[in-house]
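Undergrad:
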Amino acid sequence: MMRVAIYARVSTEAQEARGTIGSQLEVLRKRVAAEGHQLIAEYCDDGCSGARLDRPGLDAVRDAAEAGQIEAVWCLSPDRLARVYAYQVIVLDELARCGVSVLFHDTPQLNNDPQTQLLQQVQGVIAEYERAKIAERYRRGKLWRSRAGEVIAWKCSYGYRRIPRTPGQPAHLEVYEPEAGVVRRIFADYVHHNVSVRQITRRLNDDGIPSPSGQDIWGCSTIGRLLRNEAYVGRVYFNRRESVASRKAKKGTRQVERPREQWIAIPVPPIVSDELFEAAQRVSRDNSKWSPRRTQAGHWLLRGLIKCGHCHVTVSCHKMRGRNGSVHRYYYCANHDPLRAKGEHRRCPERNIRADELDAFVFEQVRAALLRPQTLLAGQEAVATHRKPSGDELLEAELTRLDRKIDAVCAERRRVADLYQASFIEQHELLRRGKELDARRRTLETQRETLICERKELGQKNRLRQRIAGFAEEIIATIDTLDFEQRQRLLRLVVEQVRVQGWQVEIRLRIPLDGPPDPPDQRVSSKDRLRSL
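Take the sequence shown: its position 84, counted from the start at 1, is 413 in the working numbering, and no numbers get skipped.
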């Protein structure tokens with residue numbers, strides 16, 4: 330049974346039109362009895378203007394609602410509650426927040442009463458404004474906390490546990506070792522042991538390791554997302570996605586990524602090293618590039634290496650059957666088709682290239698270059714006069730990456746100081762975290778100095794000549810005994826690109842200088858530093 334109260338009000342001007350307080354109370358008592366409600370109290374304002382909110386009876390109703398004594402209030406009509414529409418909205422919203430509904434005995438139909446229509450419209454406008462204001466405050470508050478280094482999302486990546494906010498420390502992530510060990514195992518298998526995503530999934534299921542969702546079965550897509558998750562190298566991002574209107578009529582919004590410069594990076598404890606994570610991304614790119622899907626084994630030796638010299642796109646593989654039943658295989662530029670080129674005027678003029686003839690020609694040229702180390706040395710000398718060696722470029726990229734990490738540590742140091750100034754952390758916490766960040770910065774600066782020295786050493790010509798000669802010497806011993814797959818792996822190791830335009834073929838070689846080449850029976854690794862010739 331609903332617990333209700335009765336509210337009645339008359340003013341001097343309205344007594345003749347609406348009757349006395351007693352008549353209102355009599356009507357409302359009968360209505361309460363008819364509805365089967367339990368009458369808790371009766372509140373009256375006799376001779377009080379409806380243009381004011383400071384009425385004793387109305388204040389008592391609001392106090393009873395806030396105390397949870399009633400569930401609903403019966404009133405004769407909306408104008409008995411308040412004469413001013415804005416005041417009606419204020420009272421109705423306040424009672425609604427307390428879980429108390431207002432019931433009117435003389436409520437007219439919405440379509441026939443302008444007052445009721447206006448009240449509903451004003452309520453809707455104010456409610457919409459309040460929702461927008463609350464949402465904006467909530468959004469700005471989360472942005473401020475994330476920039477201060479607080480982990481906002483309650484759901485964290487596999488291998489971590491979220492520690493809630495305390496008076497002295499913002500919410501943050503801590504490594505959960507039972508799961509972090511599984512993460513390290515996945516990265517090690519994928520990078521160091523050449524285990525595919527499907528094999529990793531099967532092994533985890535065989536070992537009975539629970540998945541991130543707590544189920545007994547891991548999925549390949551889960552492993553793929555885990556290997557791409559930057560949280561494992563200490564970077565969690567906030568403000569990464571936004572809601573936009575959906576293209577589908579049945580869905581209101583969809584999530585899209587914001588520009589990367591709008592992402593807010595939140596530092597967290599890393600589980601794997603940057604080098605291991607980047608190696609995993611290289612393996613993933615290589616797997617996509619060299620995947621044998623949709624191709625026949627034993628054909629197209631240069632698949633993925635050839636680019637059209639006219640429109641600079643990677644050529645595709647295609648086979649054609651002649652009238653006599655013979656099969657010919659070709660490399661062709663997709664833009665040779667006017668439909669794919671989006672117009673006859675944009676069609677590529679290059680013709681199809683016989684795959685068997687180009688494969689044999691390029692392999693013979695590469696073989697001849699590898700059998701004559703002096704050719705490689707001469708090529709290196711020519712490149713060095715025009716541009717920096719790519720080994721130097723790789724070291725420069727590594728220096729840039731270290732500079733970014735040093736900047737991130739400095740930014741985190743500033744955020745810690747901001748937290749202390751805002752009284753979110755105590756002085757001892759400021760000193761502790763400051764020492765950790767200073768130590769991390771010194772380590773990064775030491776690594777940077779080491780790379781600068783290595784960059785200088787890499788430019789020494791005599792050392793480079795020795796390494797090129799050593800690589801060629803190891804290749805010469807086995808190059809004439811390789812089968813098709815081994816030849817293909819060798820070409821993918823030493824050929825950066827083959828450009829074909831008309832009757833001209835340009836072969837760009839790259840030689841791994843960090844150590845001996847991979848044996849023919851192993852997958853080609855992309856972790857070697859390469860120098861283009």
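Positions of the beta carbon are idealized from the N, C-alpha and C atoms, including for glycine.
Where do the N-terminal and C-terminal ends of the alpha helix (DSSP H) with TYR414 fall, by residue?
TA: Mapped onto the sequence shown, residue 414 falls at position 85. 414-426 is the extent of the alpha helix (DSSP H) around TYR414.
Undergrad: Enumerate in chain order the residues of its own chain whose CB-to-CB distance from ARG701 is below 7 angstroms, with the five nearest sequence positions on each side excluded.
TA: Within the sequence shown, numbered from 1, the residue matching residue 701 stands at position 372. So the list is empty, once near-sequence residues are dropped.
Undergrad: Look at GLN826 and ARG837 and say whether their C-beta atoms are less than 8 angstroms apart.
TA: Locating residue 826 in the sequence shown gives position 497, where the first residue counts as 1. Locating residue 837 in the sequence shown gives position 508, where the first residue counts as 1. The answer is yes: Cβ separation under 8 angstroms.
Undergrad: Identify which residue in PHE567, ASN558 and ALA574 has its Cα closest to the Cα of ARG474.
TA: Along the sequence shown, one-based indexing puts residue 474 at 145. Nearest option by C-alpha distance: PHE567.
Undergrad: For ARG852, which of helix, strand or coil comes out of DSSP?
TA: What you label residue 852 is simply residue 523 of the sequence shown in a count that begins at 1. Low per-residue confidence applies at ARG852: pLDDT is 36, beneath 50, and the placement is therefore not dependable, though the value from the model is reported in the following sentence. Residue state, collapsed to three classes: coil.
Undergrad: Looking at the structure shown, is HIS366 part of a helix, part of a strand, or coil, going by DSSP?
TA: By 1-based counting over the sequence shown, the position of residue 366 is 37. Coil.
Undergrad: Can you look up GLY844 in the DSSP assignment and give me helix, strand or coil?
TA: Walking along the sequence shown from the start, residue 844 turns up at place 515. Low local confidence applies: a pLDDT of 42 at GLY844 is under 50, so the model's placement there is unreliable, with the coordinate-based value given in what follows. Note: GLY844 maps to coil in three-state DSSP.
Undergrad: Our contact map puts SER340 next to GLY376 with C-beta atoms below 8 angstroms; I'd like the distance itself, whole angstroms only.
TA: Counting from one through the sequence shown, the residue named residue 340 turns up at place 11. Counting from one through the sequence shown, the residue named residue 376 turns up at place 47. The Cβ separation is near 6 angstroms, so the contact holds.
Undergrad: Just to check my reading of the structure: LEU724 and LEU780 have Cβ atoms closer than 8 angstroms, yes? What is that Cβ distance to the nearest angstrom?
TA: To locate residue 724, count along the sequence shown from 1; it is residue 395. To locate residue 780, count along the sequence shown from 1; it is residue 451. Rounded, the Cβ-Cβ distance is 6 angstroms, consistent with contact.
Undergrad: Buried or exposed for GLY650, please, with buried defined as at least 16 other CB atoms from any protein chain shown within 10 angstroms of its CB.
TA: Within the sequence shown, the letter at position 321 stands for residue 650. For the record, residue 650 in the displayed sequence is Arg; it is not Gly. It is exposed - the Cβ of ARG650 has fewer than 16 other Cβ atoms within 10 Å.
Undergrad: What is the rounded straight-line gap between the Cα of VAL656 and the Cα of ARG683?
TA: On the sequence shown, residue 656 is found 327 positions in, with the first residue counted as 1. On the sequence shown, residue 683 is found 354 positions in, with the first residue counted as 1. Going from the Cα of VAL656 to the Cα of ARG683 covers about 11 angstroms.
Undergrad: Whole angstroms are fine: how far does the CA of PRO667 sit from the CA of GLU679?
TA: Taking the sequence shown and counting its residues from 1, the one referred to as residue 679 is at position 350. Taking the sequence shown and counting its residues from 1, the one referred to as residue 667 is at position 338. In a straight line, the C-alpha of GLU679 is about 12 angstroms away from that of PRO667.
Undergrad: Is there contact between the region 469-489 and the region 554-568, where contact requires at least three CB pairs shorter than 8 angstroms?
TA: Result yes; three or more Cβ-Cβ pairs closer than 8 angstroms.
Undergrad: So, helix, strand or coil for ILE492, using DSSP?
TA: Looking up residue 492 in the sequence shown gives position 163. In this structure, ILE492 counts as strand in the three-state DSSP scheme.
Undergrad: How many Å lie between LEU634 and ASN523 at the Cα?
TA: Along the sequence shown, one-based indexing puts residue 634 at 305. Along the sequence shown, one-based indexing puts residue 523 at 194. One C-alpha to the other measures close to 22 angstroms.
Undergrad: Between which two residues does the beta strand (DSSP E) harbouring PRO810 extend?
TA: Sequence index remark: in the sequence shown, residue 810 carries index 481 (1-based). Looking at the sequence provided, one finds Thr at residue 810 rather than Pro. No beta strand (DSSP E) contains THR810, which DSSP labels as neither H nor E.
Undergrad: Between LEU357 and TRP403, is the Cβ-Cβ spacing less than 8 angstroms?
TA: On the sequence shown, position 28 is the one that residue 357 refers to. On the sequence shown, position 74 is the one that residue 403 refers to. In this structure, TRP403 lies closer than 8 angstroms to LEU357 by Cβ.
Undergrad: Taking 8 angstroms as the cut-off, does the region 378-397 touch the region 463-473 (at least 3 CB pairs, one atom from each stretch)?
TA: Verdict: no, contact absent.
Undergrad: Got a sec? Which residues, its chain only, sit under 8 angstroms from ASP808 by beta carbon, not counting five neighbours each side?
TA: Taking the sequence shown and counting its residues from 1, one reaches residue 808 at position 479. Looking at the sequence itself, residue 808 is Ile, so the reference to Asp does not match. If we look at ILE808 and ignore the five residues flanking it on each side, its Cβ neighbours are ARG696, LEU699, LEU700 and LEU819.
Undergrad: By alpha-carbon positions, which one of ILE335, GLU364, ARG821 and SER617 ends up nearest to SER525?
TA: Along the sequence shown, one-based indexing puts residue 525 at 196. With distances taken between Cα atoms, SER525 lies closest to SER617.
Undergrad: Look at ILE399 and VAL480 and say whether their C-beta atoms are less than 8 angstroms apart.
TA: Here residue 399 refers to the residue found at position 70 of the sequence shown. Here residue 480 refers to the residue found at position 151 of the sequence shown. Against a cut-off of 8 angstroms, the Cβ pair of VAL480 and ILE399 comes out as no contact.
Undergrad: What did DSSP end up calling TYR372 once you bin it into helix, strand or coil?
TA: Residue mapping note: residue 372 aligns to position 43 of the sequence shown, counting from 1. Residue state, collapsed to three classes: strand.
Undergrad: Could you tell me the boundaries of the beta strand (DSSP E) in which CYS485 lies?
TA: What you label residue 485 is simply residue 156 of the sequence shown in a count that begins at 1. No beta strand (DSSP E) holds CYS485; DSSP gives it neither H nor E.
Undergrad: Beta carbon of ARG828, beta carbon of LYS636: below 8 angstroms?
TA: Working through the sequence shown from its first residue, we reach residue 828 at position 499. Working through the sequence shown from its first residue, we reach residue 636 at position 307. Cβ atoms of ARG828 and LYS636: closer than 8 angstroms.
Undergrad: Taking the beta carbon of TYR660 as the centre, do at least 16 other beta carbons fall within 10 Å, making it buried, or is it exposed?
TA: By 1-based counting over the sequence shown, the position of residue 660 is 331. By the neighbour-count rule (16 or more Cβ atoms within 10 Å), TYR660 is buried.
Undergrad: Just checking my contact of GLY478 with GLU741 at CB under 8 angstroms: how many whole Å lie between their CB atoms?
TA: On the sequence shown, residue 478 is found 149 positions in, with the first residue counted as 1. On the sequence shown, residue 741 is found 412 positions in, with the first residue counted as 1. About 7 angstroms separates the two Cβ atoms, so the contact holds.
Undergrad: Since LEU631 contacts ASP688 with CB under 8 angstroms, what's their CB separation in whole angstroms?
TA: In the sequence shown, the residue the question calls residue 631 occupies position 302. In the sequence shown, the residue the question calls residue 688 occupies position 359. So it is a contact: roughly 6 angstroms between Cβ atoms.
Undergrad: Check each candidate in LYS462, HIS628 and HIS639 and name the one with the smallest Cα separation from GLU293.
TA: Examination of residue 293 is not possible in this model, given that the chain is present from 330 through 862 alone.
Undergrad: Buried or exposed for SER719, going by 16 or more other Cβ atoms inside 10 Å?
TA: The sequence position of residue 719 within the sequence shown is 390, counting from 1. In this prediction, SER719 has a pLDDT of 46, which is less than 50 and means its spatial position is unreliable; what the coordinates show is noted afterwards. Classification of SER719: buried, given that the 10 Å Cβ count is 16 or more.
Undergrad: Mark ILE546 as exposed unless 16 or more other C-beta atoms lie within 10 angstroms of its C-beta, in which case mark it buried.
TA: The residue you call residue 546 lines up with position 217 of the sequence shown. Counting Cβ neighbours within 10 Å, ILE546 comes out exposed, since fewer than 16 surround it.
Undergrad: Can you grab the Cα-Cα spacing for the pair CYS782 / ASN664, in whole Å?
TA: For the purposes of this step, residue 782 is taken as residue 453 along the sequence shown, with counting starting at 1. For the purposes of this step, residue 664 is taken as residue 335 along the sequence shown, with counting starting at 1. Looking at the two C-alpha atoms, the distance is approximately 46 angstroms.
Undergrad: With H, G and I counted as helix, E and B as strand and the rest as coil, what does DSSP make of LEU502?
TA: If you number the sequence shown from 1, residue 502 lands on position 173. Reduced to three states, the DSSP call for LEU502 is strand.
Undergrad: If we ignore side chains and look at the alpha-carbon of each, how far apart do ARG332 and GLY365 end up?
TA: By one-based count along the sequence shown, residue 332 stands at place 3. By one-based count along the sequence shown, residue 365 stands at place 36. Near 10 angstroms, if we compare the C-alpha coordinates of GLY365 and ARG332.
Undergrad: For the alpha helix (DSSP H) that contains CYS549, what are its first and last residues?
TA: Position 220 of the sequence shown holds residue 549. First-last of the alpha helix (DSSP H) with CYS549: 549-557.
Undergrad: Tell me the rounded alpha-carbon separation between PRO499 and ILE600.
TA: For the purposes of this step, residue 499 is taken as the residue at position 170 of the sequence shown. For the purposes of this step, residue 600 is taken as the residue at position 271 of the sequence shown. Near 21 angstroms, if we compare the C-alpha coordinates of ILE600 and PRO499.
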